[in-house]
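Working notes, structure below.
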Amino acid sequence: MNNTLQNVITPEDEKFFATQYFSMNDKVDDDPEADQELQSYKRAYIWRDFQSGYRLLSLKDIQESVLTSESTPEDIIYIKWESPFDKLDEYRDEDEKALRIISYIRDQLDADFAQQLANRLKFLFEVSQEENPDEIAIMSESLSNFVAFLQSESHLKYPNVVLSPSNNIRAQWRTAPNRHFAVEFLNTGDAHFVIFSPDPIHSEKTVRLSGITSIDSLMEIVRPYGVLGWSSR
Amino acid sequence: MTGDTVPTEDHISRYCSPLRCTEEGQVTGAAFQLREIDEYLSVNWLEYLQKANWQEKIQEVRRVLNSKLRLTANAKIAVLNVGDIIDHVRTKSPDHRNLSVLHEPIEDDPSQEDDLSHSGIYGFKYEDPMIGDLIAEVVQETYPAKL
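For the protein sequence lines, the chains are A and B, in the order given. Residues 1 to 233 (my numbering) make up the first sequence, in order. Residues 1001 to 1147 (my numbering) make up the second sequence, in order.
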């Protein structure tokens, strides 16, 4: 890493960034080895911020992070390193996971709508990438939770599937204004749900409720409101 | 002016990505949901636009959206009446939620083009997905966002 730094950051760059944020003349007194580490970390942080435009940490932060008895330079740089390329890798990983789940749906999901659903999700994935190329297209944990839900509730009909503004999967079973069941599958294993259903006693009235629950408990909670009447086969 | 209430007889439009529409092209409540970071739902106040007719107003909204967003095929502009939104949500939500629609013009912001009809629907949050579903029920018309 230091080689990289030395190749890319010129002494003039280093001087410029150092004067912007802290003095490169700061030293750790009476400990040449620690001082050498400190200087290498200064260069590492300068490089990180040079690439990304992030705020440089204060010298105090750097000293505190560097000068622990157990730390090695590689460990600390690894922990602190947050280049924009890491973010891109994270997005790419998420996107690859989502694509793998879509392939799984197409090839292995035991549902008669598996192909249709995989096509729909592929469409959503592609549009999401096109609209916001710098964001994760579909949150893979949300998608994974949705698939697990469909597998455990195999009696459900094919839902309308859209993405929420957070790029989570939102599935909707709606056949009328008073027969509406929508679920957003969160990354955490929870679900936001909305139900509009006929009042069990006064059928001309509509029960409207929403809430957040674990996906595992979702059907148990919503079943009394009759949602299976229009959402299951 | 910023913070002015948009009259209930007026109309607003909302950009609806195909990501928030069904396969049949129907706008869902997801188009009216907020992200955790949002304070309000962005819309455009159509009567504020000094245009001769409805088509020209929608065309102006398209122009502004196009300067801010990557519009994709099948994206829509949904038109809603302000009074319908407020009444429907107040009468149908379990807590009789009161929404308000306020003018939030964007002007002299170096990061984006002026958007003088920009407005916001206030009174709900990310945790209120039912509000989005109720608003979707009073969409009056939709137009293609991209011609």
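For every residue, glycine included, the Cβ atom is placed at its ideal position computed from N, Cα and C.
If you compare alpha carbons, which of the options is closest to residue i?
| i | options | result |
| --- | --- | --- |
| HIS1088(B) | CYS1021(B), GLN1140(B), GLN1026(B) | GLN1140(B) |
| ASN1098(B) | LEU1019(B), GLY1123(B), LEU1071(B), ALA1078(B) | GLY1123(B) |
| LEU1046(B) | PRO1129(B), GLU1009(B), TYR1126(B), ASP1133(B) | GLU1009(B) |
| ASP1095(B) | VAL127(A), VAL207(A), GLN151(A) | VAL207(A) |
| GLY1120(B) | ASN1044(B), ILE1058(B), ILE1037(B) | ASN1044(B) |
| ARG174(A) | ALA1136(B), ASP1128(B), LEU1080(B) | ALA1136(B) |
| SER203(A) | PHE185(A), ARG179(A), VAL222(A), ILE221(A) | ARG179(A) |
| PHE146(A) | PHE123(A), PRO32(A), LEU117(A), GLU130(A) | LEU117(A) |
| ILE1090(B) | VAL1138(B), GLY1003(B), ALA1030(B) | Position check: residue 1090(B) holds Arg in this sequence, whereas Ile was assumed. Out of VAL1138(B), GLY1003(B), ALA1030(B), VAL1138(B) has the C-alpha closest to the C-alpha of ARG1090(B). |
| ARG100(A) | ASP199(A), PHE125(A), ASP110(A), ALA111(A) | PHE125(A) |
| ASN160(A) | SER152(A), GLU141(A), GLU184(A), ALA148(A) | GLU184(A) |
| ALA1031(B) | PRO1144(B), PRO1129(B), THR1002(B), LYS1146(B) | PRO1129(B) |
| GLU1023(B) | TYR1126(B), ASP1115(B), ASN1074(B), GLU1036(B) | ASN1074(B) |
| GLU153(A) | ASN132(A), ASN119(A), ALA111(A), PRO177(A) | ALA111(A) |
| ASP93(A) | GLU141(A), ASP31(A), GLN115(A) | GLU141(A) |
| ARG1035(B) | ASP1133(B), GLU1127(B), GLY1003(B) | GLU1127(B) |
| SER210(A) | ASN119(A), ILE221(A), ARG223(A), PHE193(A) | PHE193(A) |
| ASN132(A) | MET1001(B), GLN1026(B), LEU1134(B), LEU1071(B) | LEU1071(B) |
| ILE1085(B) | PRO1007(B), GLY1003(B), GLN1050(B), PRO1144(B) | PRO1007(B) |
| GLU1113(B) | GLU1060(B), THR1002(B), SER1067(B) | SER1067(B) |
| GLN151(A) | GLN108(A), PHE181(A), PHE123(A) | GLN108(A) |
| LEU1134(B) | ALA176(A), ILE105(A), ARG106(A) | ALA176(A) |
| ALA148(A) | GLU96(A), ILE102(A), ASP31(A) | ILE102(A) |
| GLN129(A) | TYR91(A), ASN119(A), GLU33(A) | TYR91(A) |
Are residue i and residue j closer than 9 Å when you measure CB to CB?
| i | j | result |
| --- | --- | --- |
| SER1042(B) | HIS1118(B) | yes |
| LEU121(A) | SER231(A) | no |
| SER197(A) | TYR225(A) | yes |
| LEU1069(B) | ILE1077(B) | no |
| LEU163(A) | LEU1019(B) | yes |
| ILE1131(B) | VAL1079(B) | no |
| ILE201(A) | VAL227(A) | no |
| LEU1102(B) | TYR1048(B) | no |
| GLN172(A) | THR1028(B) | yes |
| ARG1062(B) | LYS1146(B) | yes |
| THR1005(B) | SER1093(B) | no |
| PHE181(A) | VAL222(A) | yes |
| ALA114(A) | ARG106(A) | yes |
Given that residue i touches chain A, what residues does it touch there, using C-beta distances under 9 Å?
| i | result |
| --- | --- |
| ALA1078(B) | In chain order: nothing, as chain A lies at least about 14 Å away. |
| CYS1016(B) | The premise fails here: CYS1016(B) is roughly 10 Å from chain A at the closest Cβ pair, so nothing lies under 9 Å. |
| LEU1147(B) | Under the 9 Å cutoff, chain A gives no residues; its nearest Cβ is about 18 Å from LEU1147(B). |
Residues of chain B with CB under 7 Å from residue i, in chain order?
| i | result |
| --- | --- |
| ARG170(A) | ALA1030 |
| VAL127(A) | PRO1018, LEU1019, THR1072 |
| LEU156(A) | The contacting residues do not exist; LEU156(A) stays about 16 Å from chain B at best. |
| LEU124(A) | LEU1019 |
| GLU184(A) | PRO1129 |
Could you name the residues of chain D that residue i contacts, counting a contact when the two beta carbons are closer than 7 Å?
| i | result |
| --- | --- |
| LYS1092(B) | The structure shown contains no chain D; its protein chains are A and B. |
Which residues of chain A have a Cβ atom closer than 7 Å to the Cβ of residue i, listed in chain order?
| i | result |
| --- | --- |
| GLN1033(B) | SER164, PRO165 |
| GLU1137(B) | PRO177 |
Anything in chain A within Cβ reach of residue i, meaning under 8 Å, just list it in chain order.
| i | result |
| --- | --- |
| LEU1022(B) | According to the sequence provided, residue 1022(B) is Thr. The question's Leu does not apply to it. Here the neighbours are ASN160, VAL162, GLN172. |
| ASP1087(B) | Result: empty, since nearest Cβ-Cβ is about 15 Å, beyond 8 Å. |
Which residues of chain B have a Cβ atom closer than 9 Å to the Cβ of residue i, listed in chain order?
| i | result |
| --- | --- |
| LEU143(A) | The contacting residues do not exist; LEU143(A) stays about 14 Å from chain B at best. |
Below 8 Å on C-beta distance, what does residue i contact in chain B?
| i | result |
| --- | --- |
| HIS192(A) | GLU1127, PRO1129 |
| GLU135(A) | Simply none; closest approach about 11 Å. |
| HIS180(A) | ASP1133 |
| ARG120(A) | GLU1023 |
| GLU130(A) | ARG1070, THR1072 |
| SER204(A) | It should be pointed out that residue 204(A) corresponds to Glu in this sequence rather than to Ser. The premise fails here: GLU204(A) is roughly 14 Å from chain B at the closest Cβ pair, so nothing lies under 8 Å. |
| GLU94(A) | In chain order: nothing, as chain B lies at least about 16 Å away. |
Tell me whether residue i counts as near the ligand ADP, meaning its Cβ is closer than 8 Å to at least one heavy atom of that ligand.
| i | result |
| --- | --- |
| PRO198(A) | The ligand ADP is not part of this structure, which contains no ligands at all. |
*If you pair each beta-carbon of the region 214-226 of chain A with each one of the region 185-197 of chain A, do three or more pairs fall below 8 Å?*
Between the region 214-226 of chain A and the region 185-197 of chain A there are three or more inter-stretch CB-CB distances shorter than 8 Å, so the stretches are counted as touching.
*Would you list, in sequence order, the uninterrupted alpha helix (DSSP H) runs of no fewer than 4 residues that lie entirely inside the region 1078-1129 of chain B?*
Every alpha helix (DSSP H) stretch that sits fully inside the region 1078-1129 of chain B and reaches 4 residues is listed by chain position as 1082-1092.
*asked:* Measuring CB atoms only, is the region 136-148 of chain A touching the region 166-174 of chain A, in the sense that at least three cross pairs come out at less than 8 Å?
replied: Contact holds: three or more Cβ-Cβ distances are below 8 Å.
*Cβ pair count under 8 Å reaching 3, the region 1095-1111 of chain B against the region 1051-1061 of chain B*: Contact between the region 1095-1111 of chain B and the region 1051-1061 of chain B is absent, because fewer than three Cβ pairs lie under 8 Å.
_Contained alpha helix (DSSP H) runs [length at least 4] in the region 145-178 of chain A, N- to C-terminal order_ = Correct list: empty.
*What beta strand (DSSP E) runs, 3 residues minimum, are completely inside the region 1004-1030 of chain B?*
Inside the region 1004-1030 of chain B, DSSP marks whole beta strand (DSSP E) runs of 3 or more residues at positions 1011-1016, from first to last along the chain.
*asked:* To test your reading of the DSSP string, which unbroken alpha helix (DSSP H) runs of 4 or more residues are found completely within the region 185-224 of chain A?
replied: With a minimum length of 4 residues, the continuous alpha helix (DSSP H) runs that stay inside the region 185-224 of chain A are 215-222.
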